[in-house]
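Report on one structure; see the data block that follows.
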Amino acid sequence: MWDFGETELSALALSLAVALRAVAINLLPAVIIAWLLTRRRFPGRMLLDAFVHLPLVLPPVVVGYLLLILLGTRGPLGGWLDRTFDIQLTFSTNGAAVATAVMSFPLMVRAMRISLENVDRGLEEAARTLGASAWRRFATITLPLMLPGVLAGAVTAFAAGLGEFGAVITFVSNIPGETRTLPLALYTALQ
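Going by my numbering, the sequence shown opens with residue 1, and the numbers climb by one from there.
Following this line, the structure appears as structure tokens:
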């Protein structure tokens, strides 16, 4: 069948790890953003919605370049992380996970929003009239009912993360064993 060598297995393992980390990075922020965009009306809501969906409309290489500017060791946030916590995201597996998370975030938020829009607000209102706090209503009614969207978003983000190429190669390069995910290994093999 297929003859997988050390290089291919390393790239596959790294791809799985990066995609899982990206989902973990995105999970809580995606639930919060989906809830805000679905349940709250506030100034700048449309701007936040547009910002969340930016990775879908920008070329992945541009997203990777923006991450490099922002999170590189000479960038404002990356420089601060480097000086304060000795964390460098460029040329690292964690950086690949961050790039993958940024690219898959809109997909996760979208799936969660669709699920959240279908949650019957009457159930939440009934719980409120019975004295349930906002947090209790969310934890016992809203979150369980939107769980299919959370799972769909996680699976979609994971699948997209496995195939992410442009943002990853631009932000963290193509280092064997460190940042060379399966798409990057395929690209290298075809050179």
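For every residue, glycine included, the Cβ atom is placed at its ideal position computed from N, Cα and C.
Where residue i sits in the DSSP three-state scheme
i      : result
Leu20  : helix
Glu117 : helix
Pro55  : helix
Gly48  : Correcting the residue type first, residue 48 is Leu in the shown sequence and not Gly. Of the three classes helix, strand and coil, the one that applies to Leu48 here is helix, per DSSP.
Ile33  : helix
Ile87  : coil
Between the CA atoms of residue j and residue i - distance to the nearest angstrom
i      : j      : result
Met1   : Leu37  : For Met1, the predicted model reports a pLDDT of 49, less than 50, meaning its position is unreliable; a value from the coordinates is still stated below. Each residue's alpha carbon lies about 48 Å from the other.
Leu70  : Ala96  : 15 Å
Glu8   : Phe171 : 22 Å
Thr188 : Gly64  : 18 Å
Leu12  : Gly163 : 11 Å
Arg179 : Ser173 : Correcting the residue type first, residue 179 is Thr in the shown sequence and not Arg. Thr179 and Ser173: Cα-Cα distance of roughly 7 Å.
Glu125 : Trp35  : 16 Å
Ala17  : Leu77  : 24 Å
Whole-angstrom C-beta distance between residue j and residue i, which should lie under 8 Å
i      : j      : result
Met112 : Gly153 : 5 Å
Thr73  : Ala19  : Not really, about 25 Å apart at Cβ, beyond 8 Å.
Leu184 : Ile169 : 6 Å
Thr93  : Leu27  : At roughly 19 Å, the Cβ-Cβ gap does not stay under 8 Å, so Thr93 and Leu27 are not in contact.
Leu107 : Thr156 : 5 Å
Exposed unless 16 or more other CB atoms sit within 10 angstroms - verdict on residue i
i      : result
Phe85  : exposed
Ala159 : exposed
Pro60  : buried
Phe105 : buried
Ala134 : exposed
Arg218 : Any answer about residue 218 is impossible in this case: the structure gives the chain only from 1 up to 191.
Met146 : buried
Gly149 : buried
Residue i: CB within 7 Å of a non-hydrogen atom of the ligand ZN
i      : result
Glu117 : For the ligand ZN, the structure offers nothing, since it holds no ligand at all.
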